[in-house]
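Take a look at the structure below.
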Amino acid sequence: NWPAERGAPFEDMNNNGATGIASAIVLSSIILVAGAAVSITMDNAQLESEEYEQMVDEVFNEVSNYIQIKDIVGKFYSIEGEKRIQKIAILVKPLLSIDFDLSDLIIKLNNGRQMKILYNCGQSEYIRSNSLFENSIRSDIGEESSFSTVVILDKDRSLIDYNTLNDNTDMFYITIQLPYEFTMKKGDTMTITLIPSTGITRIISIKAPIPLQDIVSLI
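The numbering of the sequence shown is our numbering, which starts it at 11 and goes up by one.
Encoded structure:
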């Protein structure tokens, strides 16, 4: 008989299998990127080298960072009589079911004139019926040097209680209140870099659109 204290006989096999599948996904993605690069080079010799490199970097960045950027939205406010994006929310979802500690995540803002580093305030809340941009955490911390997280899906409360991603179904928004000098009027651009304590950084470039409505897509 299989010893009860060792659990089900196939439990270890399942765990090893899950790890193998995760590795296979990443490896397959990298192979696909390489294949696409060769195909583009052969089929479209007119493609600018900078555009090609940017496309490959973006795809490789996605599969090697283990997180996906699913959505980016901004909100315009009237600042000194001018419509400017003052708040940004970035929807993040893990690519794989691995532990990812958000406590040490750092965000770098670069608008071409200045750079600023933002730190995780360490607080999260469920979205539920709350506003994405006017949430209680944002009001409590009130600091433009910090960012907070608004949780969309977190089955085991790992994000709420431990500030940790551990399942590929976890989903949350990073919410940022831009300092005055980083607020964006129509046509302004900015680079947002997500810097984890381990792993590869994730770079996002955004541009402020025409303020036809207060909340706009930046992706």
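Ideal Cβ positions, reconstructed from N, Cα and C, are used throughout, including at glycine.
Sequence-distant residues of the same chain with beta carbon closer than 7 Å to residue i, five excluded per side
i           : result
residue 204 : 115, 117, 211, 212
residue 53  : Its pLDDT being 48, under 50, residue 53 is placed unreliably in this model, and the coordinates cannot settle the point.
residue 92  : 195
residue 132 : 113, 173
Neighbour-count burial assignment, residue i, 16 or more Cβ in a 10 Å radius
i           : result
residue 222 : exposed
residue 184 : buried
residue 208 : exposed
residue 199 : exposed
residue 194 : buried
residue 163 : exposed
Spatially closest choice to residue i from the options, by CA coordinates
i           : options            : result
residue 224 : 80, 77, 84, 79     : 84
residue 129 : 112, 190, 168, 191 : 112
residue 197 : 228, 186, 104      : 228
residue 81  : 102, 124, 188, 219 : 102
residue 127 : 216, 92, 188, 219  : 188
residue 124 : 226, 217, 206, 190 : 190
residue 144 : 192, 90, 218, 86   : 86
residue 120 : 206, 108, 216      : 216
residue 165 : 107, 140, 88       : 107
residue 171 : 88, 89, 136        : 136
residue 155 : 192, 90, 88, 89    : 192
Contact with chain C by residue i, beta-carbon distance below 9 Å
i           : result
residue 183 : Given the protein chain composition of this structure (a single chain), no chain C is represented.
Contact set for residue i: own chain, Cβ-Cβ below 8 Å, skip 5 residues either direction
i           : result
residue 169 : 112, 134, 159, 161, 175, 180, 182
residue 142 : 83, 99, 160, 183, 185
residue 89  : 96, 190, 193
residue 138 : none
residue 167 : none
Reduced DSSP secondary structure (H/G/I, E/B, other) of residue i
i           : result
residue 180 : coil
residue 191 : helix
residue 33  : Any reading at residue 33 must be qualified, since the residue scores a pLDDT of 48, below 50, and its modelled position is unreliable; the value itself is stated next. The answer is helix: DSSP assigns residue 33 an H, G or I state.
residue 81  : strand
residue 227 : strand
residue 101 : strand
residue 168 : helix
residue 157 : strand
residue 196 : coil
residue 211 : coil
residue 120 : strand
residue 94  : strand
residue 111 : strand
residue 88  : strand
residue 186 : strand
Close-in-space but distant-in-sequence residues of the same chain around residue i (CB under 6 Å, 5 per side omitted)
i           : result
residue 110 : 175
residue 214 : 202
residue 186 : 98, 157
residue 78  : 103, 105
residue 226 : 84, 219
residue 206 : 115
residue 140 : none
residue 122 : none
Self-check item: Inter-stretch contact at 8 Å, needing at least 3 Cβ pairs: the stretch 167 to 176 / the stretch 92 to 101
Solution: no
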